[in-house]
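Chemist:
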């Protein structure tokens, strides 16, 4: 960006501790931009009633967006919040909207207030089927923003295929990680005692427990893995969708894996770090379901920055998160036999695990920190 950027406003429905890639993007890029540019960075975010303690980020000003009936009126709620922020004296040079739904209400404010408007696209909000009116709203928003940042080549390709007139605005900028968030945790001994007291090889998936994430493929691979390697633990970390959780627990019973598969439920940031560090390898078999895709897969980078090799489903934007054969492996997300082969190979070969994990750590620290990505964002 050629113009001087002194004041940046990020507008996001999601912000930690609310989970998910959009929340992580909002916080990571906000921190990165504050460090890379020295700009005054402020974040307008939607508070969630299930998280009683408001988020705190040193060096950032976090402003909750107040409004009722969010799903019906978020466009107007966000527009009002931005107007109030500007009226209070903060006149942003740049506004970054983390989804098109919140960007839509800002397109009419651009000329009046002179800010650039950048939209971030992740995956699901672009790839899933939508009614004609909503598709028209999306098209109108894409045409009116100044720039579109896609978190993966896959998402960019899907977007351009559906809306070819905006191709010149689209840039790919992957997700990132802040390595400082993944320092050694003091919770490892207690969590190991809770989930893996016998010290078996530990496979980890850290994600919402929903069908698209492919936990069932991993569970189906476990009998073959155990036959070759001996006992293992498969730790499923994250909040669950009740209906899918019930299906997974039934599958675990059917395969007699009750002593192998453990569910954590919601975990804190500190617990998350400890759980990554306890793992021997990270596995997430994301697949596309009815337009619902893995736009990138930030958890692969989180595992990598902890020195863990990763195995991902060759689907959606996962190929941008994993360098196949260097930081981990990509496999057909529905092929439990091929997944078992890859897991067996890594469990039996500590040297390979170490090499892939260190390759991943180096890649993240060199090119995929949020500050490095923020510098790219500002300079390109």
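Numbering (the working numbering), first residue to last: 35 to 414.
Backbone N, C-alpha and C define an ideal beta-carbon position, used for all residues, glycine too.
1) With DSSP as the reference, label residue 330 as helix, strand or coil.
2) Helix or strand or just coil, what does DSSP make of residue 279?
3) Should residue 213 and residue 348 be called a contact, given that it needs their Cβ atoms to be closer than 8 angstroms?
4) Check for me: the beta strand (DSSP E) holding residue 184 runs from which residue to which?
5) Taking the continuous beta strand (DSSP E) assigned at residue 95, which residues delimit it?
6) With a threshold of 7 angstroms on Cβ separation, who are the neighbours of residue 395 within its own chain once the five nearest residues in sequence on each side are excluded?
7) Please report the straight-line C-alpha distance between residue 36 and residue 411, rounded to a whole angstrom.
8) For residue 414, which of helix, strand or coil comes out of DSSP?
9) Inspect the beta-carbon positions of residue 129 and residue 158 and report whether they are closer than 8 angstroms.
10) Between which two residues does the alpha helix (DSSP H) containing residue 346 stretch?
11) Which first and last residues belong to the beta strand (DSSP E) in which residue 271 is found?
12) Could you give the uninterrupted runs of the beta strand (DSSP E) lying entirely in the stretch 142–210, keeping only those of 3 residues or more?
13) What are the boundary residues of the beta strand (DSSP E) that includes residue 315?
14) Could you pull out every residue in the same chain whose Cβ sits closer than 6 angstroms to the Cβ of residue 309, ignoring the five residues on either side in sequence?
15) With H, G and I counted as helix, E and B as strand and the rest as coil, what does DSSP make of residue 36?
16) Can you list the alpha helix (DSSP H) stretches of 4 or more residues lying completely in the stretch 53–136, in chain order?
17) In the DSSP assignment, find the unbroken alpha helix (DSSP H) run with residue 309 in it and report its ends.
18) Among the candidates 198, 184, 190 and 185, whose CA atom is the shortest distance from the CA of residue 173?
19) Quick check on the DSSP output: the alpha helix (DSSP H) that includes residue 218 runs from which residue to which?
20) Sort 111, 124, 120 and 121 by Cα distance to residue 137 and report the nearest one.
21) Would DSSP call residue 286 helix, strand or coil?
22) Is it right to say residue 38 is buried, meaning 16 or more other beta carbons lie within 10 angstroms of its own, or is it exposed?
23) Around the Cβ of residue 59, are there at least 16 other Cβ atoms within 10 angstroms (buried) or fewer (exposed)?
24) Consult DSSP for residue 341 and reduce its assignment to one of helix, strand or coil.
25) Identify the continuous beta strand (DSSP E) that holds residue 395 and give its terminal residues.
26) Do residue 234 and residue 266 count as a contact pair if the criterion is CB distance below 8 angstroms?
27) Would you mind working out which of 73, 105, 231 and 107 sits nearest residue 93, comparing C-alpha positions?
28) Along the beta strand (DSSP E) that carries residue 365, what are the first and last residues, could you check?
29) Identify the residues that DSSP records as bridge partners of residue 297: which are they?
Modeler: Taking the definition as stated:
1) coil
2) Note: residue 279 maps to helix in three-state DSSP.
3) no
4) 181–184
5) 95–98
6) 338, 339 and 341
7) Unreliable placement is indicated for residue 36, whose pLDDT of 49 sits below 50; the coordinate value is still reported in the next sentence. Distance between the alpha carbons of residue 36 and residue 411 is about 11 angstroms.
8) coil
9) Taking the C-beta atoms as reference points, residue 158 is found no nearer than 8 angstroms to residue 129.
10) From DSSP, residue 346 is part of no alpha helix (DSSP H) but of the beta strand (DSSP E) over 344–347.
11) 267–271
12) 150–155, 181–184 and 204–206
13) 315–318
14) 271
15) For residue 36, the predicted model reports a pLDDT of 49, less than 50, meaning its position is unreliable and no value from the coordinates is stated.
16) 55–71 and 104–121
17) 303–312
18) 198
19) Looking at the DSSP string, residue 218 is not in any alpha helix (DSSP H), and its letter there is neither H nor E.
20) 111
21) helix
22) So residue 38 ends up on the exposed side.
23) Answer is buried; the Cβ neighbour count reaches 16.
24) coil
25) Premise fails: residue 395 lies in the alpha helix (DSSP H), 384–401, not in any beta strand (DSSP E).
26) Yes. Within cutoff.
27) Among 73, 105, 231 and 107, the Cα nearest to that of residue 93 belongs to 73.
28) 362–365
29) 270
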